[in-house]
Amino acid sequence: MKSYFYDNQEDVVSLDYLKEHNVLYFPMDMENDNYKEPLEQLCKERGYKNRDEVKLNKETPGLEDKLKIFFEEHLHDDEEIRFILDGCGFFDVRDKNDKWIRIRVEKGDLIIVPANMYHRFTLDETRKIHAMRLFTDAPKWVPINRHQN
Ligand SMILES: [Fe+2]
Numbered sequence: 000m001k002s003y004f005y006d007n008q009e010d011v012v013s014l015d016y017l018k019e020h021n022v023l024y025f026p027m028d029m030e031n032d033n034y035k036e037p038l039e040q041l042c043k044e045r046g047y048k049n050r051d052e053v054k055l056n057k058e059t060p061g062l063e064d065k066l067k068i069f070f071e072e073h074l075h076d077d078e079e080i081r082f083i084l085d086g087c088g089f090f091d092v093r094d095k096n097d098k099w100i101r102i103r104v105e106k107g108d109l110i111i112v113p114a115n116m117y118h119r120f121t122l123d124e125t126r127k128i129h130a131m132r133l134f135t136d137a138p139k140w141v142p143i144n145r146h147q148n
């Protein structure tokens, strides 16, 4: 995981700064099945009762259209929890000054974007990710797009 201001990649954003915004990061040990126990522990602590897995790659039908939707700035009324099992991607989140922070996630990264925080998602040019989505409730993904002036 790496995070930096979107308009200046040299300007690294610390985990503490993310934490101030309730963006939480958990590095998972992907050797063997070592992540399984900490994952279950986290789910128990935070009440994540449901999960599914999503794979996106160049063979995914309509991938570019899907990415356009994911890259629309939006928020949810629940947390967005993603555990990256393979590949990589970018979460952009708005900080308290409305500046974009880019968070690069890759295999072994578990990230929690809090409810009501504007964000968007995309892939890098390899166009490949395998992610577990965790939910407190039944799987749903209702984006509330930001009004664009
Ligand atoms: Fe989202």
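Heads up, the final residue of the sequence shown is numbered 148 in numbering that gives the first Met the number 0, and it's a clean run with no missing numbers.
Glycine included, every Cβ here is placed at the ideal spot set by N, Cα and C.
When C-alpha distances from H129 are compared across G107, M116, I143, the shortest belongs to G107. Look at R145 here: in three-state DSSP terms it is coil, with no helix or strand label. Annotation: Y117 to I102 spans about 13 Å, alpha carbon to alpha carbon. In this structure, G88 sits near T121, with a CB-CB distance shorter than 8 Å. Between M131 and F82, the CB-CB gap stays under 8 Å.
As computed with DSSP, E105 is found in a beta bridge with C87.
In the displayed model, P37 falls within a helix according to three-state DSSP. Short note on E79: C-beta closer than 7 Å to some heavy atom of ligand 1. Between ligand 1 and P142, a heavy atom-to-CB distance of less than 7 Å is present.
According to the DSSP assignment, E52 belongs to the beta strand (DSSP E) that extends over 49-55. In this chain, F25 is not harboured by any alpha helix (DSSP H); it is covered by the beta strand (DSSP E) spanning 23-26.
For K18, there is no enclosing beta strand (DSSP E); the enclosing alpha helix (DSSP H) covers residues 14-19. About 11 Å separates the CB atoms of F25 and L133; that is not less than 8 Å, and the two are not in contact. Relative to ligand 1, the beta carbon of H20 is positioned no closer than 7 Å to any heavy atom. In this structure P113 touches N21 by the C-beta definition: roughly 4 Å separates them, less than 8 Å.
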